[in-house]
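Scroll down for the structure; my scribbles are underneath it.
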């Protein structure tokens with residue numbers, strides 16, 4: 125009964141668009157109504173960053189799955205960069221985030237997900253050493269970004285120390 129009451133809400137909140145760009149494994153751009161572009165950050169998955177091992181593989185996987193195709197998506201939130209966070213579906217009922225996790229091309233973003241079945245898919249991919257799980261030193265993208273932020277902070281600090289020394293010698 126509850127599903128039948130919510131179904132109209134789900135169908136009205138779903139949008140379609142043709143995928144015209146793949147930024148990385150978990151970010152795509154769709155063309156809506158023939159002229160409006162919308163950047164979507166995939167919900168519930170976090171793929172390796174461009175500088176990380178398997179970053180290019182994740183991007184290629186996403187491109188192989190959806191580039192040029194019409195996808196359906198449900199926007200769930202907006203991230204701090206203004207991108208819409210969305211659940212993206214293609215080829216009738218495939219959920220792109222699920223396919224990425226299942227293929228070992230992304231981590232279940234458990235902090236932002238309430239779907240434990242995605243965690244089970246990740247565990248299976250890990251145990252079978254699928255995709256990025258072949259790398260025993262795989263670092264979750266959120267940890268990688270944190271390391272990069274710290275490195276940048278340290279570089280800024282060292283640069284400011286150097287500037288202070290230069291000013292002191294003048």
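In this note's numbering, the protein residues as written are 125 to 294.
The beta carbon of each residue, even a glycine, is placed where N, CA and C say it ideally should be.
Quantities reported herein were computed from a predicted structural model and do not represent experimental measurements.
Compute the Euclidean distance between the alpha carbons of residue 274 and residue 169, then round it to the nearest angstrom. Taking the straight line joining both Cα atoms gives about 23 Å.
Assign residue 191 to one of three DSSP states: helix, strand, or coil. Shown here, residue 191 sits in coil according to DSSP, grouped into three states, outside any helix or strand.
Would residue 298 and residue 151 be called neighbours here (beta carbons separated by less than 8 Å)? For residue 298 there is no data in the structure shown, the boundaries of the chain being 125 and 294.
Cα separation between residue 196 and residue 174? Distance between the alpha carbons of residue 196 and residue 174 is about 26 Å.
At least 3 beta-carbon pairs within less than 8 Å: the region 174–190 vs the region 221–239: Proximity of the region 174–190 to the region 221–239 meets the contact definition, three or more beta-carbon pairs being nearer than 8 Å.
Buried versus exposed call for residue 158 [16 or more other C-beta atoms within 10 Å across all chains shown]: Exposed, since its Cβ has fewer than 16 Cβ neighbours within 10 Å.
Between the C-alpha atoms of residue 296 and residue 167, what's the straight-line distance to the nearest angstrom? It is not possible to answer for residue 296, since the shown part of the chain is limited to 125 through 294.
Determine the DSSP secondary structure at residue 141, reduced to helix, strand or coil. Strand, per DSSP.
Would you call residue 241 buried or exposed, if buried means 16 or more other Cβ atoms sit within 10 Å of its Cβ? Residue 241 comes out exposed.
For residue 148, list the residues DSSP reports as bridge partners. DSSP output for residue 148 lists 151 as bridge partner(s).
CB contact flag (residue 178, residue 243, <8 Å): Cβ distance not < 8 Å, so residue 178 and residue 243 don't count as in contact.
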